[in-house]
Amino acid sequence: MSQTPDILCIGSVLWDVIGRSASVMRQGSDVPGRITRLPGGVAMNIAMAAARFGLRPALLTAIGRDAEGDELIGACESLGMDLAHIYRSDDLPTDRYMAVEGANGLIAAIADAHSLEAAGAKILRPLTEGPLGDAQAPYQGRIALDGNLTRELLETIASSPAFAAADLRVAPASPGKAERLRPFLTHGRAMLYVNLEEAGLLCQTSFDDAATAAQGLIARGAARVTVTDGGRSAAECDGRDLVIGTPPEVLVTRVTGAGDTFMAAHIAAEAEGAPRQEALDRALTAAARYVSGETSL
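Straight run, no breaks: the sequence shown in the UniProt record's numbering ends on number 297.
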């Protein structure tokens, strides 16, 4: 891909192995369904959705020089991803994610992103040592960052001059990794995309609704946030204004990737100059269409 990217997607690019069943499931359930293996990871999901919304994404990640990594590289290239700046490791295996979803939502998931964590700051070299930027001439474009990076590396990004000029958007990857985003509260840099549970974990409390959660995050130091709450109202706040939107009612057929779709749609809408209310509404509609199965990543 020779064109300048519209957005850099930094974080996990791996194989998603997802089992889905139309049955209601509980611990120990053994039911029929479908198992798929597709390119995934938060950064990859955001990149694929961003491409669908008209943006040109580039990936910054770690992929192993193993057979699974070679296959993943080929799959990413076939999807039109810009891979010019990825880090390929000779001694780290390609990461994987496994999830099980039933008619009652996500049952369980395990994210094996150990190679991404081990690669650490090596994946950021194009932004800290060129060719995309460095501390003296920081990158000025859009960046979507996921919380699969270590807290130490996220702390570096939150305070590094190399990221000071970027339009930085951050997602925690999962509730279990939400607390890794605390450096962005401390340094007041970036826009955070979280759900209600993640907002509560970041603020070490619980919230009744997205609007209260968004205001709570701003009070804790966040520069700007969006908080979603499944099929209930979502909120976006920058410390001055609070915008609230309600997603369309749909039949939920899947959940993995919904937050990534929301984030990509919101970034794309703002890139087109959409007002804040319109951008939030468009993102909620895109996420609803995704969970209903109407669209793919």
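Positions of the beta carbon are idealized from the N, C-alpha and C atoms, including for glycine. Just so it is clear, the structure is predicted and the values come from calculations on it, not from any experiment.
Burial state of residue i (16 or more Cβ within 10 Å)
{"i": "residue 386", "result": "Because the chain here runs from 1 to 297, residue 386 falls outside it and cannot be looked at."}
{"i": "residue 91", "result": "exposed"}
{"i": "residue 89", "result": "buried"}
{"i": "residue 273", "result": "exposed"}
{"i": "residue 260", "result": "buried"}
{"i": "residue 74", "result": "exposed"}
{"i": "residue 232", "result": "exposed"}
{"i": "residue 240", "result": "exposed"}
{"i": "residue 78", "result": "exposed"}
{"i": "residue 248", "result": "exposed"}
{"i": "residue 198", "result": "buried"}
{"i": "residue 279", "result": "buried"}
Those residues which DSSP pairs with residue i across a bridge
{"i": "residue 226", "result": "193, 236"}
{"i": "residue 143", "result": "8, 168"}
{"i": "residue 221", "result": "According to DSSP, which records beta bridges pairwise, residue 221 is partnered with nothing at all."}
{"i": "residue 280", "result": "Beta-bridge pairing links residue 280 to no other residue."}
{"i": "residue 36", "result": "18"}
{"i": "residue 98", "result": "17, 110"}
{"i": "residue 303", "result": "The structure shown does not extend to residue 303, since the chain is modelled only from 1 through 297, so no value can be given for it."}
For residue i, three-class secondary structure by DSSP
{"i": "residue 175", "result": "helix"}
{"i": "residue 132", "result": "coil"}
{"i": "residue 252", "result": "coil"}
{"i": "residue 298", "result": "Residue 298 lies beyond the range of the chain shown here (1 to 297); nothing can be said about it."}
{"i": "residue 109", "result": "strand"}
{"i": "residue 88", "result": "strand"}
{"i": "residue 30", "result": "coil"}
{"i": "residue 2", "result": "For residue 2, the predicted structure reports a pLDDT of 48, less than 50, and the residue's modelled location is therefore unreliable. The matter cannot be settled from this model."}
{"i": "residue 243", "result": "strand"}
Check whether residue i and residue j have beta carbons under 7 Å apart
{"i": "residue 179", "j": "residue 201", "result": "yes"}
{"i": "residue 292", "j": "residue 250", "result": "yes"}
{"i": "residue 7", "j": "residue 19", "result": "no"}
{"i": "residue 60", "j": "residue 94", "result": "no"}
{"i": "residue 40", "j": "residue 21", "result": "no"}
{"i": "residue 196", "j": "residue 213", "result": "yes"}
{"i": "residue 185", "j": "residue 234", "result": "no"}
{"i": "residue 269", "j": "residue 289", "result": "no"}
{"i": "residue 298", "j": "residue 203", "result": "For residue 298 there is no data in the structure shown, the boundaries of the chain being 1 and 297."}
{"i": "residue 82", "j": "residue 5", "result": "yes"}
{"i": "residue 24", "j": "residue 120", "result": "no"}
{"i": "residue 15", "j": "residue 96", "result": "yes"}
Whole-Å CB distance - residue i paired with residue j, under 8 Å assumed
{"i": "residue 258", "j": "residue 146", "result": "Contact flag wrong, Cβ pair sits at about 14 Å."}
{"i": "residue 263", "j": "residue 46", "result": "6 Å"}
{"i": "residue 169", "j": "residue 267", "result": "6 Å"}
{"i": "residue 158", "j": "residue 139", "result": "That belief does not hold up - the Cβ atoms of residue 158 and residue 139 are roughly 15 Å apart, past 8 Å."}
Test: residue i CB closer than 7 Å to a CB of chain D
{"i": "residue 154", "result": "The structure shown contains no chain D; it holds only a single protein chain."}
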